[in-house]
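Chemist:
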Amino acid sequence: MVTVTEEMVAAYQRDGVVLVKGLWRDWVEMLRAGIARNMANPTHQMATLKPGEPGYFFDDYCNWQKVPEFAAVIRQSGVAEVAAKLMGSDRVQMFHDHVLVKEPGTTKPTPWHTDGPYYFVEGRQTVSFWSPLDPVREAALRCVAGSHLWEKDVLPTRWMSETNFYPGEDDYMPVPDPEVEGMKILEWEMEPGDAVAFNFRTLHGARGNTAATRRRAFSLRLVGEDARYVERPGPTSPPFPGHGMKGGERLREDWFPVLRAG
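Position one of the sequence shown corresponds to residue 1 (my numbering), numbered consecutively onward.
(1) Please state whether DSSP places residue 203 in a helix, a strand or coil.
(2) If you run the structure through DSSP and keep just helix, strand and coil, what is residue 65?
(3) Ignore the nearest five residues each way along the sequence and tell me which others in residue 194's own chain have a CB closer than 6 Å to its CB.
(4) Given this structure, state the Cα-to-Cα distance separating residue 261 from residue 90, to the nearest angstrom.
(5) If you follow the alpha helix (DSSP H) that residue 32 is in, where does it begin and where does it stop?
(6) Alpha carbon to alpha carbon, how far is residue 2 from residue 220?
(7) Report the residue from 216, 54, 59, 52 whose alpha carbon sits nearest the alpha carbon of residue 43.
(8) Ignore the nearest five residues each way along the sequence and tell me which others in residue 71's own chain have a CB closer than 8 Å to its CB.
(9) Which runs of the beta strand (DSSP E) fall wholly inside the region 157-242 and span at least 3 residues, in chain order?
(10) Name, in chain order, the residues that DSSP records as bridge partners for residue 128.
(11) Check each candidate in 256, 155, 133 and name the one with the smallest Cα separation from residue 117.
(12) Distance check for residue 190 and residue 107, CA to CA, integer angstroms please.
(13) Any idea what DSSP makes of residue 115, helix, strand or coil?
(14) Shortest alpha-carbon distance to residue 23 belongs to which of 34, 197, 35, 113?
(15) Take the Cβ of residue 15 as the centre, count every other Cβ of all protein chains shown within 10 Å, and call the residue buried at 16 or more, exposed below.
(16) Residues in its own chain within less than 7 Å of residue 96 by CB, not counting five upstream and five downstream?
(17) Span of the beta strand (DSSP E) holding residue 14?
(18) What are the partner residues of residue 121, as DSSP defines its beta bridges?
(19) Exposed or buried, residue 170, counting other C-beta atoms within 10 Å across all chains shown (16 or more means buried)?
(20) Is any heavy atom of the ligand ADP found at a distance shorter than 8 Å from the C-beta of residue 199?
(21) Decide yes or no for the touch test of the region 245-256 against the region 221-230: beta carbon pairs closer than 8 Å, at least 3 of them.
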């Protein structure tokens with residue numbers, strides 16, 4: 001298990017993002033095998049490119065229960081201990097997994113967005129781990145430092161149609177352009193098994209893959225002690241139909257297992 005230093009915790013709390021070197025260094029081959037299994041039998045594969053846009057971008061989520069390699073990494077790699085320290089929460093609970101594969105020549109960038117408004121969970125103690133399984137130079141994840149502390153959530157949109165994800169937009173701030181607006185963008189060159197850890201409310205995006213090699217990435221979303229189910233003005237992503245939870249409740253443990261009880 002990697003060492004989480006006080007400096008890393010301070011950076012995570014301040015910036016909403018920190019690099020965790022070697023988080024899954026010993027699990028790279030297992031995760032690659034899991035992604036191959038996932039791509040051969042996707043569950044919720046989403047359309048990500050418009051007709052005529054070059055390349056291929058595979059995007060699927062919520063597969064850990066049917067992909068044994070993902071389940072093993074989640075439960076055996078020690079990631080819950082890392083999450084607990086970064087979030088400042090003794091309790092760590094599973095939310096969902098996510099696979100994103102950009103094949104060579106997929107030049108379309110991932111738009112700037114925050115994950116939180118798409119989800120039906122809210123809390124200060126949240127963390128996503130985004131880990132490439134190929135060396136990353138150009139197709140890196142990019143995060144805006146301190147954006148997890150903004151007063152309003154960023155407007156969630158549908159990337160293909162470029163329409164609002166929920167009706168109305170008064171409760172949200174417009175999607176900013178961090179480069180034009182001079183925001184502090186953090187990104188790193190990464191080796192397989194490194195991970196970017198970021199808060200659900202952190203504004204982030206990713207460059208297109210202009211390299212000659214594919215960019216496979218595995219993401220894991222976890223929540224802490226203060227996370228609670230929240231009603232949204234429409235279906236969420238992921239949707240988890242029939243969950244039966246009510247506002248203010250913790251996520252049900254039979255669907256979202258507790259990885260660390262504290």
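By construction, the Cβ of each residue, glycine as well, lies at the ideal position given by its N, Cα and C atoms.
Modeler: Answer, in terms of the structure:
(1) coil
(2) coil
(3) 21
(4) 7 Å
(5) 28-40
(6) 16 Å
(7) 59
(8) 64, 65
(9) 195-198, 204-206, 215-223
(10) 198, 221
(11) 155
(12) 19 Å
(13) coil
(14) 197
(15) buried
(16) 61, 62, 221, 238
(17) Element bounds for residue 14: not the beta strand (DSSP E) but the alpha helix (DSSP H), 6-15.
(18) 229
(19) exposed
(20) Looking at this structure, you won't find the ligand ADP or any other ligand, since it has none at all.
(21) yes
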